[in-house]
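Residue numbers (UniProt numbering): 1 to 87.
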């Protein structure tokens, strides 16, 4: 069987076995740097937000914890007074 070989510049691109990828340009490098800087900034903002949220959660927990401790002390005092009256 006779195989016809076509010159590479005559291919229509549909049946071409080689793919073309352009060499990296300086603009794509700049885009990568800008993307990296943007992601770093977003990560920093997210960390700051999460730290704020964590601080608020800790503050709320300790406010609640103090109230619970105070109520427990009041209940213990009332129990001790009741026991003292029984004696």
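A virtual CB, placed ideally from N, CA and C, is assigned to each residue, including glycine.
Pairwise C-alpha distance: residue j and residue i
{"i": "residue 49", "j": "residue 65", "result": "24 Å"}
{"i": "residue 59", "j": "residue 67", "result": "13 Å"}
{"i": "residue 83", "j": "residue 47", "result": "53 Å"}
{"i": "residue 81", "j": "residue 62", "result": "28 Å"}
{"i": "residue 57", "j": "residue 78", "result": "32 Å"}
{"i": "residue 86", "j": "residue 72", "result": "21 Å"}
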